[in-house]
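Engineer: Attaching a single structure in structure tokens format; questions to follow.
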Amino acid sequence: MTGTLNLPALTTAWGEVRLPGSKSISNRLLLLAALAGGETEILDLLDSDDTRVMLAALQKLGVGVTPSGPDAWRVIGCGGVFGVKEADLFMGNAGTAIRPLTAALAMAGGHYRLSGVARMHQRPIGDLVDGLRQIGADVHYLAAEGFPPLEIFPAPIHLSGPIRLRGDVSSQFLTALLLTLPLTGQEAVVELTTELISKPYVEITLNLMARFGVRVEREGWQRFRIASGQRYCSPGRIHVEGDASSASYFLAAGAIAARGGKRCVRVEGAGRSSIQGDVRFAEALEQLGARITWGENFITAQAPEHSLLKAFDLDLNHIPDAAMTLAVLALFTDGRCLLRNIGSWRVKETDRISAMATELRKFGAVVEEGDDWLAVTCPRRGIDGPRSGIPVMQGPGMQSPPAPGLCRNVEVATYDDHRMAMCFSLVALAGVPVTIRDADCVGKTFPGYFDAFAAITAPVIAIDGPSASGKGTVAMRVAERLGFHYLDSGALYRLVALAAGREGVALDDEAALAALAAGLPARFEGERVWLGEADVTTDIRSEEASGGASRVALLPAVRRALLARQRAWRRFPGLVADGRDMATVVFPGAEVKIFLTATAEARAERRYKQLIAKGMPANIYVLLKDLQERDARDTRRSEAPLRQAEDAVGIDTTPMDIDQAVAAVMDRVSEICAARA
Ligand code: DC
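Mapped onto the working numbering, the consecutive letters of the sequence shown carry residue numbers 116 to 792.
This is the structure:
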């Protein structure tokens with residue numbers, strides 16, 4: 116990805132997102148596994164800047180940390196006794212790494228230096244250092260008092276009275292102490308001298324400590340006691356749930372723009388059973404009028420069917436990160452929105468209150484700002500009425516609808532803050548193009564964010580129909596006209612059949628074919644199709660591959676294996692997809708659905724002419740019989756049968772040539788856009 120990202124105007128959101136692992140859980144688990152006795156395998160660990168910082172630091176400290184599979188890591192616990200006694204550690208801008216590591220190293224009897232990027236050196240750590248000094252730790256500031264970089268020297272740790280700690284700057288100071296105090300083996304008590312903020316993050320800490328066998332007694336949110344003699348013990352295997360803060364962007368997109376038909380946005384990986392406080396963002400969405408459903412491990416969001424989201428006045432201390440998403444959502448509500456008790460924003464990746472206010476104003480919003488609150492009023496209140504869910508098509512002849520009151524083509528600055536970049540992508544759903552500067556800062560917690568965002572927001576034109584109805588050529592030309600991507604889903608089934616033939620897999624061995632489909636080394640380059648190193652553009656069009664494709668397409672496991680691969684084609688600025696089940700199964704929320712037909716005789720004749728033109732032998736009667744058999748298989752199969760979706764427009768191309776068919780589809784695309792606008 117380049118630094119600057121231009122998002123097209125968007126108006127609908129629907130589809131599914133598999134969440135990356137939670138940052139908060141990933142970094143806590145890495146440290147706990149290192150501090151424990153025994154070996155731990157962590158599954159679904161987040162792969163991002165912040166977790167790489169933690170992994171690199173642990174490796175540098177001599178902890179055995181090795182990959183054990185995709186997104187899986189094996190950690191050999193050192194019981195808090197790091198093999199390396201002297202090290203310089205670079206912590207980037209990862210608060211979840213520097214805070215607990217500072218505490219762990221202060222108790223580790225070595226000589227260490229911890230530093231980070233310039234912003235990290237402006238983020239406070241003084242309360243934690245004060246807490247550590249109370250138990251004898253020898254921690255020094257190398258630059259400004261109260262901030263990293265830090266130098267730590269060996270010192271005896273003794274726990275006599277309670278450690279007194281402030282709780283109102285960052286809950287990570289308490290988390291850091293709680294995670295590391297069991298290393299002393301002594302009874303430890305932490306008493307908070309000010310009200311604790313972001314309590315759900317401390318709940319994550321307590322929950323994960325318990326999974327490693329250490330219990331913390333809690334008196335309200337003021338006093339925490341760890342009884343003596345408790346040691347961390349590996350639970351063996353442990354799985355990281357999906358990141359609930361990252362879920363907020365997709366759920367918000369659903370709350371804004373999953374409207375019409377059965378459209379909804381579904382996030383997989385966090386739900387009712389999540390231990391992350393940020394899942395409660397979905398409760399806030401419900402208060403705004405969004406339609407939310409909860410599963411154990413998923414959440415879905417839809418926009419209110421007939422109204423704008425409601426303006427809100429909320430205390431958001433419990434969801435400080437996801438609360439940023441609400442600040443941008445305010446642009447889509449019917450009034451002044453007040454975000455209260457968000458003072459911790461000031462000491463995060465950037466001063467988020469000030470950054471948010473500055474960027475929201477660029478769109479024309481009225482923003483008021485206090486020490487620990489923000490109020491946002493959208494300029495278009497009352498003008499726009501309910502949003503209509505119009506697809507915004509781009510390209511010649513496809514005008515975007517006028518933006519409802521928000522400034523267009525704003526360049527959003529991101530302040531090296533991943534959440535600023537992710538939050539402001541949502542503004543494009545107001546139907547305004549948006550430019551995000553330094554968009555790759557999302558790598559801090561979610562390197563694939565913009566692909567995932569495109570996969571639920573890029574408009575889709577689905578063109579289905581029987582074999583040789585001309586849909587392939589038509590779809591390709593329509594994609595060209597609109598500047599959209601083009602997916603020939605039939606080619607994937609043809610590739611599976613071809614690969615099966617080459618690898619000797621029988622066409623009824625469902626499991627083997629599904630495995631083949633899942634790992635298919637397919638590549639599409641313009642009109643050329645590759646299977647591994649072989650150019651198979653012509654081979655997949657052979658009658659043999661065609662027949663094979665229609666047989667493997669009967670198998671549910673093969674279809675499932677190809678589903679994610681097909682959906683991954685949904686990218687900006689949009690997609691034209693052709694096949695049999697584009698409108699019914701793969702992209703059921705598609706903005707435009709076309710069903711192309713032609714009589715079997717007309718299709719056989721077209722195929723016959725194509726083959727003769729290529730100098731290949733052909734018999735029109737054989738072709739006709741073949742087509743009829745394939746039609747029968749495609750329409751009668753139980754899994755994803757060929758049928759016209761209820762909301763699809765049927766076009767009979769029997770009397771048309773290709774140019775006329777393309778024109779007919781383009782007419783329908785424009786009509787549908789105009790009718791919905
Ligand atoms: O569109 P096509 O002729 O290239 O498709 C080849 C075969 O794959 C066809 O027999 C039906 C099957 N197919 C399918 O079942 N679902 C799709 N989305 C696309 C193709």
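Ideal Cβ placement from N, Cα and C applies to all residues, glycine included.
#1: Which whole-angstrom value is the C-beta distance of V305 and L292, which I expect to be below 8 Å?
#2: Quick check on DSSP: helix, strand or coil for I773?
#3: Ignore the nearest five residues each way along the sequence and tell me which others in I191's own chain have a CB closer than 6 Å to its CB.
#4: Pairs of beta-carbons, one from the segment 132 to 145 and one from the segment 354 to 370, closer than 8 Å: are there three or more?
#5: Nearest-angstrom Cα distance between L158 and L739?
#6: Mind checking K377: buried by the 16 CB within 10 Å criterion, or exposed?
#7: S469 lies in the alpha helix (DSSP H); which residues open and close that run?
#8: Would you tell me roughly how many angstroms separate the C-alpha atoms of E310 and S604, rounded to the nearest one?
#9: Starting from the Cα of P297, find the closest Cα among R381, V196 and G392 and give me that residue.
#10: Apply the 10 Å Cβ neighbour rule to I505 and answer buried if 16 or more other Cβ atoms are within range, or exposed otherwise.
#11: Does DSSP put E483 in a helix, in a strand, or in coil?
#12: Which class does P215 belong to by DSSP, given the choice of helix, strand or coil?
#13: Give the secondary structure of V196 by DSSP, where H, G and I count as helix, E and B as strand, and everything else as coil.
#14: Measure the CB-CB distance between I371 and L544 and report whether it falls below 8 Å.
#15: Quick one: what's got a C-beta closer than 8 Å to I766's C-beta in the same chain, skipping five residues either side?
#16: Between the C-alpha atoms of Y723 and A627, what's the straight-line distance to the nearest angstrom?
#17: For N432, name the three-state secondary structure that DSSP assigns.
#18: Between the alpha carbons of G118 and D741, how many angstroms are there, rounded?
#19: Which class does K314 belong to by DSSP, given the choice of helix, strand or coil?
#20: Within its chain, find whatever has a CB closer than 8 Å to the CB of E302; leave out the 5 residues flanking it on each side and keep chain order.
#21: Drop a sphere of 10 angstroms on the beta-carbon of V644, count the other beta-carbons inside from all chains shown, and report buried for 16 or more, exposed for fewer.
#22: Quick check on the burial criterion: 16 or more other C-beta atoms within 10 angstroms. Buried or exposed for H433?
#23: Using a Cβ-Cβ cut-off of 8 Å (strictly less than) and excluding sequence neighbours within five positions of R758, which residues of its own chain qualify?
#24: Output the distance between the C-alpha atoms of V448 and L423, rounded to the nearest integer angstrom.
#25: Compare the C-alpha of L294 against each of A233, V382, Y256 and L146 and name the closest.
#26: In the DSSP assignment, what residue or residues form a beta bridge with P239?
#27: Based on DSSP bridge pairs, tell me the residues matched to I576.
#28: Quick check: what's the CA-CA separation for A715 versus A664?
#29: Nearer than 7 Å: is that true of the beta carbon of S794 relative to any heavy atom of the ligand DC?
#30: Say yes only if the C-beta of S582 is nearer than 7 Å to one or more non-hydrogen atoms of the ligand DC, and no if none qualify.
#31: Taking only heavy atoms of the ligand DC into account, decide whether any of them is closer than 7 Å to the Cβ of E749.
#32: For P182, which of helix, strand or coil comes out of DSSP?
#33: Would you kindly check if the distance between the Cβ of R685 and the Cβ of A573 is under 8 Å?
#34: How big is the Cα-Cα spacing for F539 and A679?
#35: I'd like the list of long-range same chain contacts for F687, defined as Cβ closer than 6 Å, with 5 residues on each side in sequence excluded.
#36: Report the partner residues of N121 according to the DSSP bridge assignment.
Structural biologist: A quick look at the data gives this:
#1: Yes, V305 and L292 are in contact; Cβ-Cβ is about 6 Å, under 8 Å.
#2: I773 falls in the helix class under three-state DSSP.
#3: Annotation for I191: E154 and G179 place their beta carbon closer than 6 Å to its own, counting only its chain and skipping 5 residues before and after.
#4: Yes, the segment 132 to 145 is in contact with the segment 354 to 370.
#5: Their Cα atoms are separated by approximately 52 Å.
#6: In summary, K377 is exposed, with fewer than 16 beta-carbon neighbours lying within 10 Å of its beta-carbon over all protein chains present.
#7: Counting along the chain, the alpha helix (DSSP H) containing S469 begins and ends at R467 to K477.
#8: Taking the straight line from one Cα to the other gives about 57 Å.
#9: If we check each option's Cα against that of P297, V196 comes out closest.
#10: The predicted model places I505 with a pLDDT of 44, which falls under 50 and marks its position as unreliable, so this point remains unresolved.
#11: Strand.
#12: In the structure shown, P215 falls within a helical segment according to DSSP collapsed to helix, strand and coil.
#13: In the structure shown, the three-state DSSP call for V196 is coil.
#14: Contact flag set, yes.
#15: Taken in chain order, the residues that qualify are I709, F710, L711, T712, A776, A779, V780 and R783.
#16: Each residue's alpha carbon lies about 34 Å from the other.
#17: Reduced to three states, the DSSP call for N432 is coil.
#18: If you take the alpha carbons of G118 and D741, they lie about 51 Å apart.
#19: Correct three-state label for K314: helix.
#20: L274, R340, I341, A342 and S343, listed in sequence order.
#21: Here V644 is buried, its C-beta having at least 16 other C-beta atoms within 10 Å.
#22: So H433 counts as buried.
#23: If we look at R758 and ignore the five residues flanking it on each side, its Cβ neighbours are T699 and T750.
#24: First, the amino acid is wrong: residue 448 is Thr here, not Val. Taking the straight line from one Cα to the other gives about 6 Å.
#25: The shortest CA-to-CA distance from L294 to any of A233, V382, Y256 and L146 is the one to L146.
#26: Under DSSP, P239 takes part in no beta bridge, so it has no partner.
#27: The secondary-structure analysis by DSSP pairs I576 across a beta bridge with V691 and V707.
#28: One Cα belongs to A715, the other to A664, and the distance between them is close to 19 Å.
#29: Absent from the structure is residue 794, since the part of the chain shown begins at 116 and ends at 792.
#30: For S582, the Cβ falls inside the 7 Å cut-off from some heavy atom of the ligand DC.
#31: In the sequence as displayed, the identity of residue 749 is Asp instead of Glu. For D749, the Cβ falls inside the 7 Å cut-off from some heavy atom of the ligand DC.
#32: Look at P182 here: in three-state DSSP terms it is strand.
#33: With respect to the 8 Å criterion, A573 and R685 are classified as neighbours on the basis of their beta carbons.
#34: Cα to Cα, the separation comes out at about 26 Å.
#35: By the criterion of a C-beta distance shorter than 6 Å, F687 is surrounded in its chain by P123, A569 and A573, once the five residues flanking it on both sides are discounted.
#36: When beta bridges are read from the DSSP output, N121 appears opposite T550.
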